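Residue numbers (the numbering used here), protein chains in the order written: chain A, 1 to 158; chain B, 1001 to 1422.
Using N, Cα and C, we set each Cβ at its ideal position, and we do this for glycine too.
The structure presented is a predicted model; accordingly, all values stated were derived computationally and were not measured.
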Amino acid sequence: MAVDRRALEDFLYREARLMDEHCYDEWLSLWAPDSLYLVPCSQEDIDPAHTVNIITDGPERRQDRVTRLKSGNAYAQEPPSRLVRLISNVEVLEERADGEVVVRSNFLLVELRRGCQRLLAGRQWHRLRPRDSSFEIVWRKVVLLNNDEPVSNLTFLI
Amino acid sequence: MQTEQRAHTGRQAEIDYYDLVRDDRVHSRLYTDPLIFEDEMEKIFYGGWVYIGHESEIPEPGDYCLKWIGRQSVIMCRDEDGRVHAFMNRCRHRGNSVCQWERGNANFFRCAYHGWTYRNTGELVGVPYRDRYPHLEQKDLGLTPVPFTGSYRGFLFGSLRDPGMGLHEYLGPAVLREIDNFCDLSPLGEIEVRAGVQKSTYRGNWKLQAENVVDGYHVAFVHQSFFDLHKVRHPGESNPVNSLVNATSYDLGNGHTKLLPVSILSGLRDAPWFADYVRALEAAHGKERAQELVATGETHMLVFPNMAILQSQIRVIYPRAVDQTDVHYYVVRWKGIPDAMTERLLRRHEEFFGPAGFGSPDDVEMFERSQVGLNARVDPWLLLIRGQGSEERDDLGVLVGRYDDEVTQRAFWRRYRQVMTA
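Written as structure tokens, this is what we have:
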């Protein structure tokens, strides 16, 4: 049975909203227990065994990320940036019999911080597994357009 | 022409660095005045030794990468005979930049504008339609080399004017020893700067980063959230911050400074591969040297003006404007260490450093907050008196303070003043 595209897009929009609104715990709950979150600093395909990323988060480090952001002592997000992002160009790349899908989408993120508004654009890939009437994230990669150029703090959820 | 020269001299006469850089305080104008920034470019970045890159970034003949000296683009490349060169990225014809890619492999650099072509030795080998240049001396029109270069253990430095002393003299024995310790953490004695680079930028002056990388005082406060995570993940272990009380900071001369931190290796002793690593070090360097390296091989050092070596990174500071700075974190691999150790060190770097780490972004936030505060002029002084007068000299004459003293900032500014008033 083909994946419900509406449900898929709703999931991506929901994740975007949770990140924009700094709903850290709810965002964490979207992830599967065996999941990986990657934000490379290269436009090429790199092997994390040999090359550094901006983010390589398994479940433990992802939890630490949220704990830190909630602590009030993560000064790079005190006060939190004001965020809004757009998700579009959603393409289903892979559909498995067990319902797992790989989906690709583009995003445009606007951040307002200390009077300065900046744009970040990128592509993202999600591997999603059905859970309840929605999905959970098994794997997510975010490739910012400018990931190999100097970027300001990326301390909010990308 | 004469009017311009007078105006230039007139501007310079306004900047009295003896007034702005005192022994115990510095003036906030040093962080906010665009004229001082331009003066720094001329005197510091274009007038003496600055770090260019590491030769391991271009391991094969033909490899090249683009670097910066101040705001001048430089090609660092390796020719067919394996020799490393540093050239200004500028065609000798009419100034086009001849190299557009940040890294790659090429035998030639061809200027796209009029087709002038240079070998990767710098030699000008091709000038289209030469007949209209009857007297052209091609041999005098090769890519302009960075006039003075020097390297140590692959760390390549350059100077656009006569720096007045050789590189090894500029670095001094203490810095050379730190670089040795860093490289000898590899059983093969070699680092590879080929594990990727994180690039960040902030709205603030470059000296905020230079001062911060050797600042011990801020660690317990700015990075409290990081240490709180450590407490949760490693209950029962003592807080690393507590051990810093007995740690030290050093003025290594010529503006170079160092902190003695908790060694990165101390947290890895329980890893299954650690014993293999130590055995490999002992086989390579001997037991005594291996133990010394494991205990204190890691360094945490600023090499004036723009480079720091700490943990598993080489950090390079690129000033862009008086209130805009780029910082690149080049991650280092040590040749000959277990693969699992390499991977662990990469993940460990990401944990603290880079634009989404749990440490660096809070430092960057402090720089941006400082840049705001520093524009207030009513009371313009920054106090640098912490631990002043309580320093000691070690056996080698190096000035030593407590980890959280400002001996490192005072050392930076002494060198700064020396260069800016020369």
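Unbroken beta strand (DSSP E) stretches of 3 residues or longer found wholly inside the stretch 32 to 73 of chain A: 53 to 57, given in chain order. The DSSP-derived three-state label of residue 1086 of chain B is strand. Residue environment for residue 1059 of chain B: exposed (fewer than 16 other C-beta atoms within 10 angstroms of its C-beta). Contact of residue 1188 of chain B with chain A by beta-carbon distance below 8 Å is absent, the smallest such distance being about 17 Å. Counting C-beta atoms within 10 angstroms of its own C-beta, residue 31 of chain A has 16 or more neighbours from the protein chains shown and is therefore classed as buried.
For secondary structure counted as the alpha helix (DSSP H) over 4 or more consecutive residues, the stretch 1293 to 1380 of chain B holds these complete runs in sequence order: 1339 to 1352, 1360 to 1373. Apart from sequence neighbours up to five positions away, the residues of its chain that approach residue 1381 of chain B with a beta-carbon distance below 6 Å are 1025, ordered along the chain.
Fewer than three Cβ pairs drawn from the stretch 1289 to 1301 of chain B and the stretch 1137 to 1156 of chain B lie within less than 8 Å of each other, which leaves the two stretches out of contact. Assignment of residue 1039 of chain B by DSSP, reduced to helix, strand and coil, places it in the helix class. Any Cβ of chain B closer than 8 Å to the Cβ of residue 49 of chain A would place that residue at the interface, and such an atom is present. Beta-bridge partners of residue 121 of chain A (DSSP): A/108. For residue 1207 of chain B, the uninterrupted alpha helix (DSSP H) segment begins and ends at 1206 to 1213. Across the structure, residue 1313 of chain B and residue 1332 of chain B are spaced so that their CA atoms are roughly 5 Å apart. Look at the stretch 33 to 59 of chain A: the residues with a C-beta under 8 Å from a C-beta of chain B are 39, 41, 42, 46, 48, 49, 50, 51, 52, 53, 54, 55, 56. When secondary structure is reduced to three states using DSSP, residue 1118 of chain B falls in the strand class. The shortest C-alpha to C-alpha distance from residue 1043 of chain B to any of B/1237, B/1070, B/1134 is the one to B/1070.
Not flagged as an interface residue toward chain A: residue 1184 of chain B, since no C-beta distance is shorter than 8 Å. Apart from the 5 residues on each side of it in sequence, residue 1420 of chain B sits with its Cβ closer than 6 Å to the Cβ of 1017, 1043 in its chain, given in chain order. Look at the stretch 1336 to 1352 of chain B: the residues with a C-beta under 8 Å from a C-beta of chain A are 1339, 1342, 1343, 1346, 1347, 1349, 1350, 1351. From the beta-carbon of residue 1202 of chain B, the residues of chain A found nearer than 7 Å are 152. Residue 121 of chain A is positioned such that its CB atom lies closer than 8 Å to that of residue 107 of chain A.
Listed along the chain, the chain B residues whose CB falls inside 8 Å of the CB of residue 149 of chain A are 1199. At least one CB atom of chain A sits nearer than 8 Å to the CB of residue 1358 of chain B. Note that the stretch 1391 to 1406 of chain B touches the stretch 1210 to 1225 of chain B; at least 3 beta-carbon pairs, one per stretch, sit closer than 8 Å. Less than 8 Å divides the Cβ of residue 1032 of chain B from the Cβ of residue 1375 of chain B. Residue 1271 of chain B has its alpha-carbon roughly 32 Å from the corresponding atom of residue 76 of chain A. DSSP places residue 1034 of chain B in the helix class (H, G or I) of the three-state scheme.
Between residue 1076 of chain B and residue 1053 of chain B, the CB-CB gap stays under 8 Å. Around the beta carbon of residue 1155 of chain B, 16 or more other beta carbons lie within 10 angstroms, which makes this residue buried. Restricted to the stretch 1161 to 1233 of chain B, the alpha helix (DSSP H) segments that are unbroken, complete and at least 4 residues in length are 1167 to 1183, 1206 to 1213, 1219 to 1222, 1224 to 1233, listed in chain order. Contact between the stretch 1164 to 1180 of chain B and the stretch 1303 to 1322 of chain B is present: three or more C-beta pairs spanning the two stretches fall below 8 Å. Residues of chain A whose Cβ lies closer than 7 Å to the Cβ of residue 1195 of chain B are, in chain order, 50, 51, 52. In the structure shown, residue 1056 of chain B adopts helical secondary structure according to DSSP, grouped into three states.
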